[in-house]
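This report refers to the structure that appears directly beneath it.
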DNA sequence: ACTCCCCCCTGTTAGC
DNA sequence: TGCTAACAGGGGGGAG
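In our numbering, the protein residues as written are 62 to 364.
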């Protein structure tokens with residue numbers, strides 16, 4: 062389900078409702094939810110107990126929450142340590158929502174839905190945090206925080222290969238253009254390649270290509286400089302507008318990932334609009350089969 | 001080293 | 001009404 066705007070909405074919700082709080086218990090209800098965590102379900106749950114959420118961060122479609130060390134400090138503190146600055150967090154809870162994942166914050170006594178895969182309660186006795194995921198493509202894991210090759214920013218070790226997303230400072234448009242030019246692939250595949258540019262999924266790829274008037278199958282090495290910058294502007298614009306317009310509803314006790322209502326009906330120009338008139342030229346939008354999915358485009362605007 | 005495709009799941013819906 | 005097939009917004013891993 063979620064692409065960058067939806068994941069950012071979730072990040073902001075967790076930041077507001079969970080950061081600063083200390084986990085009392087962690088429970089894994091479906092082991093698939095932590096399949097990438099080497100410690101397994103029990104190890105994951107044990108590792109999370111007693112940890113405090115320090116920050117809520119995001120790159121592309123990945124979320125992570127820096128954790129304190131859980132009170133595992135040495136019992137005797139040396140003079141050097143007393144004078145030293147506090148160590149930056151070295152570990153985090155990494156989350157990917159996959160196709161259907163949600164992070165929900167709410168009354169700890171509310172009924173457990175059948176799709177809850179993991180649950181965290183907090184030492185303050187307040188709202189709990191539930192990882193809900195119908196299709197179980199999403200996952201959680203505890204991970205070390207490291208510097209990626211570009212040293213731009215500390216990120217979880219397993220996502221070192223994920224490129225900066227176009228809304229973060231570390232994103233370098235020149236570097237993107239250079240790498241794009243070297244690729245031998247179609248422009249839509251490149252937009253979906255999270256190691257080249259992150260945060261864009263099938264919907265926003267189609268929307269950005271429509272805005273930039275580019276055909277999805279266009280070979281990347283034939284794109285002119287002006288076309289690349291047009292594309293990048295379109296990507297940034299559509300993500301930014303979706304973030305604003307799609308502001309998913311969540312109240313004090315609820316973080317909602319469902320961005321379908323509201324934004325989708327009003328603002329999509331291509332995605333899911335097969336047969337409907339193009340907003341620019343009224344030509345019916347066409348649907349092509351692409352990577353076992355769909356690609357929507359205007360046959361007239363996007364040659 | 002790169003690119004591409006399969007496949008991990010469950011639920012909904014269109015079509016017969 | 002009930003069955004089946006297609007499809008759904010992701011990404012890792014391995015084949016080529």
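Just so it is clear, CB atoms sit at the ideal spot from N, CA and C, and this is done for glycine as well.
Counted within 10 angstroms of its Cβ, other Cβ atoms place residue i as buried (16 or more) or exposed
i	result
residue 166	buried
residue 109	buried
residue 262	buried
residue 362	buried
residue 112	buried
residue 310	Any reading at residue 310 must be qualified, since the residue scores a pLDDT of 40, below 50, and its modelled position is unreliable; the value itself is stated next. So residue 310 ends up on the exposed side.
residue 338	exposed
residue 81	exposed
residue 202	buried
residue 103	exposed
residue 74	buried
residue 280	exposed
residue 332	buried
residue 70	buried
residue 130	exposed
residue 87	buried
Element boundaries [alpha helix (DSSP H), containing residue i]
i	result
residue 74	65-78
residue 286	286-306
residue 252	248-253
residue 106	101-109
Contacts around residue i, its chain only, beta-carbon distance under 7 Å, and the 5 residues preceding and following it disregarded
i	result
residue 314	Here the model assigns residue 314 a pLDDT of 37, short of 50, so the residue's position is not dependable, and the following value carries that caveat. Taken in chain order, the residues that qualify are 166, 167, 168, 188.
residue 186	none
residue 364	276
The beta strand (DSSP E) enclosing residue i, as first and last residue numbers
i	result
residue 160	Note, residue 160: premise wrong, no beta strand (DSSP E); not H, not E.
residue 123	123-128
residue 219	That residue, residue 219, is in no beta strand (DSSP E); it is neither H nor E in DSSP.
residue 88	84-89
residue 241	Segment 234-243 is the alpha helix (DSSP H) holding residue 241; no beta strand (DSSP E) there.
residue 265	Not the beta strand (DSSP E): residue 265 falls in the alpha helix (DSSP H), residues 263-273.
residue 118	118-120
residue 356	354-358
residue 178	177-183
residue 276	Unbroken run through residue 276: none, as it is neither H nor E.
residue 204	200-207
residue 114	Looking at the DSSP string, residue 114 is not in any beta strand (DSSP E), and its letter there is neither H nor E.
residue 257	Where residue 257 is concerned, there is no enclosing beta strand (DSSP E), given that its DSSP letter is neither H nor E.
Supposed contact pair residue j and residue i - C-beta distance, whole angstroms, cut 8 Å
i	j	result
residue 269	residue 295	4 Å
residue 68	residue 124	6 Å
residue 358	residue 347	6 Å
residue 282	residue 65	Residue 282 to residue 65, Cβ: 26 Å. No contact.
residue 298	residue 272	7 Å
Beta-carbon proximity list for residue i, same chain, < 6 Å, skipping 5 on both sides
i	result
residue 252	261, 266
residue 178	90, 91, 94, 192, 194
residue 213	231
residue 162	194, 199
residue 83	113, 184
residue 249	266, 277
residue 190	79, 166, 181
residue 197	93
residue 349	356
residue 118	125
residue 328	306
residue 155	125, 202, 204, 217
residue 221	209
residue 127	115, 116, 150, 153
residue 341	362
residue 72	117, 119, 124
Cut-off 8 Å between Cβ atoms - residues of its own chain near residue i, not counting five sequence neighbours on either side
i	result
residue 223	120, 121, 123, 216, 255, 256, 259
residue 100	107, 108, 203
Closer than 8 Å: residue i CB and nearest the ligand NAP heavy atom
i	result
residue 197	Ligands displayed in this structure: none; no statement on the ligand NAP is therefore possible.
Would you check if there are 3 or more beta carbon pairs closer than 8 Å linking the stretch 170-186 to the stretch 226-240?
Result no; under three Cβ-Cβ pairs closer than 8 Å.
When you compare the stretch 281-294 with the stretch 151-164, are there three or more beta-carbon pairs, one atom per stretch, that lie closer than 8 Å?
Segments in contact, no.
Are the stretch 178-186 and the stretch 217-224 touching by the rule of at least three beta carbon pairs closer than 8 Å?
These segments do not touch.
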